[in-house]
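So the sequence shown is numbered by the working numbering: it starts at -5 and just counts up by one.
Using N, Cα and C, we set each Cβ at its ideal position, and we do this for glycine too.
A short worksheet on the structure shown next.
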Amino acid sequence: MRIKDIHTHTFPLEVGSALVCIDCDKSLLREGHWHSAGLHPWYVTDNSRTLLDALEPLLAHPRVLALGECGFDRLRGPSIQIQEDAFLRQVELSEKHCKPMILHVVKDFDRVIRLRKTLKPKEKWLIHGFRGGAEQTRQLLAAGLLLSFGAHANPDSVRSVPLESLFAETDSKTDIEAVFKSISGIIGKNQSETMEIIMANISDFLA
């Protein structure tokens, strides 16, 4: 397994080089590709049982390596309580199936920190597409959370993350090599070094 991109919704030309999010849709599984599956907070409703029921068998599929994306969004989606109910169910599934979680979090980081401390899950939680500042980065890392950076990462935040906890993503059609180039310039490594560091971190996250 040589995954470079921890989170995307686009199938890469280099088969097997990215973790492609398929939501709860079994029909999106593709041979040779690696996947995550989860219920995005935008699509949660007050009756998400059908989608969550569809999620569980997906988590047993050998090509599905993580649960996500799931989480909280205060700008879009249903009430935060409804989002939290769906999130808590997905935490249960993550623990049951031994799958790490990939989180979408918008303006609700304190809730994620609180839940991480309260629930004490065994599985790792990674916040994707993180753009917050260095102080917020330190708070999240101290709570045991991991962070993934894309094309619009805050340089101070990237520098605040230990190399062994550094992750990269495209989230869409962005070229992962461009993300590696940007991160390399921030941390003072050459691009191939950065790629190897991040690939090793992804392998450890998914182990």
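CB-CB under 8 Å to MET193, same chain, minus the five flanking residues each way: which ones, in chain order? Cβ within range, chain order: ARG(-4), ILE(-3), LYS(-2).
If we count the other Cβ atoms within 10 Å of its Cβ and call it buried at 16 or more, is LEU97 buried or exposed? Buried is the call here.
Taking just the CA atoms, how far does ALA162 sit from ILE0? As the crow flies, the alpha-carbon of ILE0 is around 6 Å from that of ALA162.
Beta-carbon proximity of LEU134 to ILE107, cut-off 8 Å: For the pair LEU134 and ILE107, the CB atoms are nearer than the 8 Å cut-off.
Which of the three DSSP states is assigned to VAL58 in this structure? In the structure shown, VAL58 sits in a strand (DSSP, three-state: E or B).
Report the rounded CA-to-CA distance for LEU59 versus ARG132, giving the unit in angstroms. Straight through space, the alpha carbons of ARG132 and LEU59 are spaced by roughly 27 Å.
Kindly list the residues whose CB is nearer than 7 Å to the CB of ALA137, restricted to its own chain and excluding five residues on each side of it in sequence; keep chain order. The answer, listed in chain order, is ILE107, ARG110, LYS111.
For the alpha helix (DSSP H) that MET193 lies in, which residues bound it at each end? Under the DSSP assignment, MET193 falls in the alpha helix (DSSP H) whose first and last residues are 185 to 200.
State yes or no: is the C-beta of HIS34 within less than 8 Å of the C-beta of ASP165? Between HIS34 and ASP165, the C-beta spacing is not below 8 Å.
Could you tell me the boundaries of the beta strand (DSSP E) in which ALA31 lies? ALA31 -> beta strand (DSSP E) spans 28 to 31.
Do you know how far the Cα of SER151 is from the Cα of ARG125? If I take the Cα positions, the gap works out to 8 Å.
Measuring CA to CA, which of LEU52, GLY26, GLN77, LYS175 is closest to GLU8? Comparing Cα positions, the closest option is GLY26.
Might you give, ordered along the chain, the residues of its own chain that have their beta carbon closer than 8 Å to the beta carbon of THR39, omitting 5 neighbours on each side? Result list for THR39: PRO72, ILE76, in chain order.
According to DSSP, what are the bridge partners of ILE121? According to DSSP, ILE121 bridges with LEU97, LEU141.
Write down the C-beta distance between LYS93 and GLU117 rounded to the nearest angstrom, noting that I regard them as a contact closer than 8 Å. Indeed they touch by this definition, with Cβ atoms about 7 Å apart.
CB of LEU49 within 8 Å of CB of VAL85, strictly: No, the Cβ-Cβ distance between LEU49 and VAL85 is not below 8 Å.
Does the distance from the CB of PRO115 to the CB of SER88 come in under 8 Å? For the pair PRO115 and SER88, the CB atoms are nearer than the 8 Å cut-off.
Excluding sequence positions up to five away, which residues of its chain have a Cβ less than 6 Å from the Cβ of PRO6? Excluding residues within five positions, the ones whose Cβ falls inside 6 Å are ALA12.
Beta-carbon spacing of ALA145, ALA128 below 8 Å: No, the Cβ-Cβ distance between ALA145 and ALA128 is not below 8 Å.
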